[in-house]
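Here's the structure, in structure tokens; my notes come after.
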Ligand code: GRF
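Residue numbers (this note's numbering): 165 to 381.
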């Protein structure tokens, strides 16, 4: 492993299909980085099993044993810092961290959200709630968004988005499933751009610079 290889920490709580997409992209050398740790807020998250299959170090951190959100956020930050993580990927992580987290990893934390932000984001907008809200609204398009994490909830600068057309016979389940397929494409792509130093945050916008020769493909 080269010394300057980007170290990624992935925070999960569930199935981990996005984690899998990141692992696959790294193994196929699409992303120049390594996953140094996977931290789960749930003991039985399948994401932990996925990580274990590739000998990626894992840690279960139960939010319930911490007195408050601040101490949980600090504890997770410490673990990631110990590993020398340069990028944190939230991949279906269900605990809300305090602003201290974004301050500890300035423009070094990214998240995937299953809708086209800034619509259908914020507190309470997770899982099926997002897709149900989209269907209720009558929106013709939904999709997914990869964004930098700032001190708000789903408010940080947008890196990549993919739109998905809402079908007439759509249910929250079918929409979630169709969007997830695109999540698995744009999340690794955003990480690839980050790892190659191609992302530049300008105000609330993220510019994607051209790849430097010889670094990314
Ligand atoms: C995804 O839909 C993601 O957008 C959201 O949580 C879900 C995680 O799925 N943040 P998985 O655990 O990666 O399969």
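Yeah, the Cβ is synthetic: ideal placement off N, Cα and C, and Gly gets one too.
- Proximity of the beta carbon of residue 308 to ligand 1 is indicated: a heavy atom of the ligand is located closer than 8 Å.
- When the alpha-carbon of residue 299 is set against those of 332, 308 and 357, the nearest one is in 332.
- Within 10 angstroms of the beta-carbon of residue 226 lie fewer than 16 other beta-carbons, which makes it exposed.
- If you compare the alpha carbons of 369, 343 and 303 with that of residue 271, the shortest gap goes to 369.
- In the DSSP assignment, residue 276 forms a beta bridge with 310.
- For the pair residue 244 and residue 268, the Cα-to-Cα distance works out to about 10 Å.
- DSSP places residue 199 in the strand class (E or B) of the three-state scheme.
- Partner residues in the beta bridge of residue 326, as assigned by DSSP, are 308.
- Separation of residue 318 and residue 377 (C-alpha to C-alpha, rounded to the nearest whole angstrom) is 33 Å.
- Residue environment: residue 311 is assigned as buried (16 or more neighbouring CB atoms within 10 Å of its CB, all protein chains considered).
- Counting only the Cα atoms, residue 197 lies some 12 Å from residue 188.
- The nearest non-hydrogen atom of ligand 1 is 8 Å or more from the C-beta of residue 313.
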